[in-house]
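Step one of this worksheet: look at the structure below.
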Amino acid sequence: MTNPWEEIELSDYENHMKLDSVMQLQTLKNMMKNQFSLYAIKTVTVLGVAGGNGLEHIDTKKIHKVYGIDINQKYLEECAKRYKNLSQILECICVDLTDKNIDLPHADMVIANLLIEYIGYQNFKNVVIQSSPLYVSCIIQVNMDDNFVSDSPYIHVFDGLNNVHHKIQEDELIAVLKNIGYFLIDKKEQALPNGKKLVQFDFKK
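Numbered per the numbering used here, the sequence shown finishes at 235, counting up by one with no gaps.
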């Protein structure tokens, strides 16, 4: 069965995410600056990298390798095109993170923003074990209602996501990572204009 993320056009996704009523593209970009700069890392894996939002904050003097992971090959092609300045260090890898037999490279940090909701706890745990990072930083969306996709002119583009969406609970996410040796060291929240909020969790092994 085709994953719905393979069918969603990048332009539709990004145009939805950057609407003034949603503001997730801009908010994530700002939060990623912190993710890339806060810890002493030389290699980083960005799960669900899409078109590369946030990669402009990569400091090539500090970070020597970036793995951009996504299930959509077209997203990765656009990401590589946008960030030609990172061509020497950016490696885009097309992979389905729900595949139990994936083989992922090691990185000092794994970043998973608005990604765990679409692969679930167990697959995320498998990805972290595979990558064996020192740090894990993830951002989840917390909703005030049951609608995980914000209302917009693009809303029906995302109808298929209902089939792969998992509701993520903060306590359970913390417990899942603790179970494999990662402990919460920081938490940040950023409010969004539509009553939702983005919550960042940083873990260290």
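From the three backbone atoms N, C-alpha and C, an ideal C-beta is built for every residue, glycine too.
task: Report the residue from Asn64, Gly78, Lys111 whose alpha carbon sits nearest the alpha carbon of Ile88.
output: Within the sequence shown, numbered from 1, the residue matching residue 88 stands at position 58. Of Asn64, Gly78, Lys111, the residue nearest in Cα terms is Asn64.
- prompt: How would you call Lys197, buried or exposed, if buried means at least 16 neighbouring beta carbons within 10 angstroms?
  reply: Locating residue 197 in the sequence shown gives position 167, where the first residue counts as 1. Classification of Lys197: exposed, given that the 10 Å Cβ count is below 16.
field: Limits of the alpha helix (DSSP H) - the one that Val194 falls within
entry: Position 164 of the sequence shown, counted from the first residue, corresponds to residue 194. No alpha helix (DSSP H) contains Val194, which DSSP labels as neither H nor E.
- prompt: Run through DSSP, which three-state label would Glu200 get?
  reply: Residue mapping note: residue 200 aligns to position 170 of the sequence shown, counting from 1. Residue state, collapsed to three classes: helix.
message: Assess contact between the region 129 to 149 and the region 73 to 81, defined as three or more Cβ pairs (one per stretch) separated by less than 8 Å. Is contact present?
response: yes
field: Close beta carbons around Arg112, own chain, < 6 Å, minus the five adjacent residues each side
entry: By one-based count along the sequence shown, residue 112 stands at place 82. So the list reads Gly82, once near-sequence residues are dropped.
Tyr97: first and last residue of the uninterrupted beta strand (DSSP E) it sits in: Your numbering for residue 97 matches position 67 in the sequence shown. Unbroken beta strand (DSSP E) run through Tyr97: 95 to 100.
Residues near His46 in its chain [Cβ-Cβ closer than 6 Å; skip 5 each side]: Residue mapping note: residue 46 aligns to position 16 of the sequence shown, counting from 1. If you ignore the 5 residues before and after His46, its C-beta comes within less than 6 Å of the C-beta of Ser182, Tyr184, all in its own chain and listed in chain order.
message: Quick check: Ile215 and Asp201, are their CB atoms within less than 8 Å of each other?
response: By one-based count along the sequence shown, residue 215 stands at place 185. By one-based count along the sequence shown, residue 201 stands at place 171. It is not a contact, given that the beta carbons lie outside the stated cut-off.
- prompt: How big is the Cα-Cα spacing for Ser34 and Leu116?
  reply: Position 4 of the sequence shown, counted from the first residue, corresponds to residue 34. Position 86 of the sequence shown, counted from the first residue, corresponds to residue 116. Correcting the residue identity first, residue 34 is Pro in this sequence and not Ser. Approximately 28 Å between the Cα atoms of the pair.
message: Which complete beta strand (DSSP E) runs does the region 54 to 105 hold, if anything under 3 residues is left out?
response: Segments of the beta strand (DSSP E) lying fully in the region 54 to 105: 73 to 77, 95 to 100.
message: Given the structure, does Asn33 come close to the ligand PLP, in the sense that its CB is under 7 Å from one of the ligand's heavy atoms?
response: What this structure holds is no ligand at all, so the ligand PLP is not there to describe.
message: So for Ser117, helix, strand or coil by DSSP?
response: Taking the sequence shown and counting its residues from 1, one reaches residue 117 at position 87. Reduced to three states, the DSSP call for Ser117 is coil.
message: Checking the sheet assignment: what are the DSSP bridge partners for Phe231?
response: Here residue 231 corresponds to residue number 201 of the sequence shown, with the count starting at 1. For Phe231, which the question treats as bridged, DSSP gives the partners Cys168, Lys217.
query: Since Lys114 and Gly84 are thought to touch, with beta carbons under 8 Å apart, how far apart are those beta carbons, to the nearest angstrom?
result: As a working note, residue 114 is residue 84 in the sequence shown. As a working note, residue 84 is residue 54 in the sequence shown. At roughly 16 Å, the Cβ-Cβ gap does not stay under 8 Å, so Lys114 and Gly84 are not in contact.
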